[in-house]
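**Q** Residue numbers (the numbering used here), protein chains in the order written: chain P, 4 to 150; chain B, 4 to 150. Quick reminder that beta carbons are idealized off the backbone N, C-alpha and C, glycines included. Model, not experiment: these values are computed from the prediction.
There are 2 protein chains.
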Amino acid sequence: MTTKSSSQASTPLGTLANEVRLACMRISRRVRFESTDVIAPHQFSVMARLEDAPRTSRELAGIERVSAPSMSRTVAGLVERGFVLRQDDPTDGRQVILSLTPEGQAVLKDSRRRRDQWMAVRLKNLPAHEREILARAAEILSRVAGE
Amino acid sequence: MTTKSSSQASTPLGTLANEVRLACMRISRRVRFESTDVIAPHQFSVMARLEDAPRTSRELAGIERVSAPSMSRTVAGLVERGFVLRQDDPTDGRQVILSLTPEGQAVLKDSRRRRDQWMAVRLKNLPAHEREILARAAEILSRVAGE
DNA sequence: TATTGTTATACTCTATAACTATA
DNA sequence: TATAGTTATAGAGTATAACAATA
Chain P
4 MTTKSSSQAS
14 TPLGTLANEV
24 RLACMRISRR
34 VRFESTDVIA
44 PHQFSVMARL
54 EDAPRTSREL
64 AGIERVSAPS
74 MSRTVAGLVE
84 RGFVLRQDDP
94 TDGRQVILSL
104 TPEGQAVLKD
114 SRRRRDQWMA
124 VRLKNLPAHE
134 REILARAAEI
144 LSRVAGE
Chain B
4 MTTKSSSQAS
14 TPLGTLANEV
24 RLACMRISRR
34 VRFESTDVIA
44 PHQFSVMARL
54 EDAPRTSREL
64 AGIERVSAPS
74 MSRTVAGLVE
84 RGFVLRQDDP
94 TDGRQVILSL
104 TPEGQAVLKD
114 SRRRRDQWMA
124 VRLKNLPAHE
134 REILARAAEI
144 LSRVAGE
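1) So does P/Lys127 have its beta carbon nearer than 7 Å to some heavy atom of the ligand COA?
2) Are the C-beta atoms of B/Ser75 and some chain P residue less than 8 Å apart?
3) Would you list, in chain order, the members of the stretch 33-57 of chain B that have their beta-carbon closer than 7 Å to a beta-carbon of chain P?
4) DSSP state of P/Asp91, grouped into three classes?
5) Between B/Arg58 and B/Leu101, how many whole angstroms is the CB-CB distance? I'm expecting something under 8 Å.
6) Would you kindly check if the distance between the Cβ of P/Ser114 and the Cβ of P/Ile225 is under 8 Å?
7) Bridge partners of P/Arg58, per DSSP?
8) Compare the C-beta of P/Arg119 against all C-beta atoms of chain B and say whether one is closer than 8 Å.
9) Among the residues of its own chain, which have a CB less than 6 Å from the CB of B/Glu22, if the five just before and after it don't count?
10) Between the stretch 106-133 of chain P and chain B, which residues of the former have CB atoms less than 9 Å from a CB of the latter, in chain order?
11) Cutting at 8 Å between CB atoms, please list the residues of its own chain near B/Thr5, excluding the five before and the five after it.
12) Kindly indicate the opening and closing residues of the alpha helix (DSSP H) around B/Pro72.
13) Give the DSSP-derived three-state secondary structure of B/Asp40 in the structure shown.
14) What is the DSSP secondary structure of B/Thr14, counted as helix, strand or coil?
15) Expressed to the nearest angstrom, what Euclidean distance is found between the alpha-carbon atoms of P/Ala148 and B/Ile30?
16) To the nearest whole angstrom, what separates the beta carbons of P/Glu150 and B/Arg125, a pair I think is in contact under 8 Å?
17) Locate the alpha helix (DSSP H) running through P/Glu133, then write down its first and last residues.
18) Just the C-alpha distance for P/Trp121 and P/Pro15, rounded to the nearest angstrom, thanks.
19) Measuring only between beta-carbons, confirm whether P/Ser31 sits less than 8 Å from chain B.
20) So P/Gly17 contacts chain B; which residues on that side make the cut at Cβ distance below 8 Å?
21) Quick check: the Cα distance between B/Arg33 and P/Val69, rounded to an integer number of angstroms?
22) Return the Cβ separation of P/Val99 and P/Gln90 in integer angstroms, given the expectation that the two are a contact with Cβ distance under 8 Å.
This is how it looks when you write it as structure tokens:
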């Protein structure tokens with residue numbers, strides 16, 4: 004449309020959006036299918052949040068955009084399996100501080116390793132210049148996703 | 004784009020795999036959250052398969068890697084809503100040929116448009132050279148995901 | 001009265017096992 | 001006997017509504 008600075012004919016914005024989105028969804032789908040994981044996606048996501056910092060159930064529900072009862076159940080399952088620790092907040096009796104146990108940290112690390120393995124095997128077979136493009140794209144996409 | 008081998012031993016393979024995977028998952032996650040869709044992800048996926056070509060329930064179950072009863076239910080829901088058409092196979096009475104109705108095609112198109120919209124808005128704000136990187140990355144990632 | 005969290009209940013998507021109809 | 005598909009039943013994950021405990 005407006006931009007013509009590039010020597011090559013730029014991909015129309017709608018088409019590019021579609022291609023980028025589809026590519027990302029295909030990769031996510033394959034990674035999900037290939038990795039035989041100990042924890043489910045939503046559990047992984049919650050544990051990753053707790054890795055950054057201890058949080059309350061309410062905070063997690065807000066971040067993950069699920070209802071309070073749903074998060075309550077997810078957390079209960081992780082506590083039961085020994086991956087998450089519950090501690091009463093000394094300053095506010097209503098709240099419960101949730102954090103990762105060493106077992107939880109190990110599970111999270113192992114889960115990431117399995118997921119990366121599938122991708123690493125495939126990236127290994129790419130020529131160097133394509134890997135360079137993916138490195139740049141990853142930075143751009145992460146920035147876009149965080150907006 | 005120039006290859007611009009700024010750093011030959013640039014990103015370690017494991018790190019790159021992690022960054023690319025995370026970037027794709029973040030994009031997928033945001034797209035999923037942002038798009039208020041008429042159809043659920045698994046329904047979208049099935050309808051997209053039928054757009055390529057009419058198929059049987061069994062075929063769809065295999066492609067989508069779900070059980071036959073699960074696919075049976077998913078398809079039943081789409082038929083009930085008028086998005087998918089059932090037709091008895093004249094050569095094999097056991098089989099049922101499934102295909103998209105015009106309504107189904109319209110829903111699929113609309114769903115794609117909504118999903119692309121979120122991405123398009125964000126890509127619009129990127130400089131041209133970054134969009135070029137994403138265009139190339141999309142092609143590479145689609146190839147990798149299809150392996 | 002407002003907030004944090006849980007329990008009660010229901011809906012959806014998934015699965016395995018058992019069943020019907022056809023080859 | 002094998003295959004395509006459905007029905008029966010159960011297990012997760014999600015939601016809203018109602019409840020308890022604390023601020």
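**A** Reading it off the structure:
1) For the structure depicted, the ligand COA is absent and the ligand set is empty, with no information on it obtainable.
2) Not an interface residue.
3) Taking 7 Å as the Cβ-Cβ cut-off against chain P, the residues of the stretch 33-57 of chain B that qualify are Arg33, Val34 and Phe36.
4) Looking at P/Asp91 - three-state DSSP - the assignment turns out to be strand.
5) Cβ atoms of B/Arg58 and B/Leu101 come within 8 Å of each other, at about 6 Å.
6) Outside the displayed span of chain P (4 to 150) sits residue 225 of chain P, for which this structure offers no information.
7) Looking at the DSSP output, P/Arg58 shares a beta bridge with P/Leu101.
8) The amino acid occupying residue 119 of chain P in the given sequence is Asp; Arg does not appear at that position. By the rule that beta-carbons nearer than 8 Å mark a contact, P/Asp119 touches chain B.
9) Excluding sequence neighbours, B/Glu22 sits near nothing in its chain.
10) Answer in chain order: Arg115, Arg116, Arg118, Asp119, Gln120, Trp121, Met122, Ala123, Val124, Arg125, Leu126, Lys127, Asn128, Leu129, Ala131, His132 and Glu133.
11) In this prediction, B/Thr5 has a pLDDT of 41, which is less than 50 and means its spatial position is unreliable; nothing more can be read from the coordinates.
12) Per DSSP, the continuous alpha helix (DSSP H) segment holding B/Pro72 begins and ends at Ala71 to Glu83.
13) Of the three classes helix, strand and coil, the one that applies to B/Asp40 here is coil, per DSSP.
14) B/Thr14 falls in the coil class under three-state DSSP.
15) Note on geometry: alpha-carbon atoms of P/Ala148 and B/Ile30 lie some 5 Å from one another.
16) With 8 Å as the limit, P/Glu150 and B/Arg125 qualify as a contact, their Cβ atoms being about 6 Å apart.
17) Here the alpha helix (DSSP H) through P/Glu133 covers Ala131 to Ala148.
18) Answer to the nearest angstrom: the Cα atoms are 32 Å apart.
19) It does: the Cβ of P/Ser31 has a partner Cβ on chain B nearer than 8 Å.
20) Counting only Cβ-Cβ distances below 8 Å, P/Gly17 has contacts in chain B at Asp119 and Ala123, in chain order.
21) Answer to the nearest angstrom: the Cα atoms are 14 Å apart.
22) Confirmed, about 7 Å.
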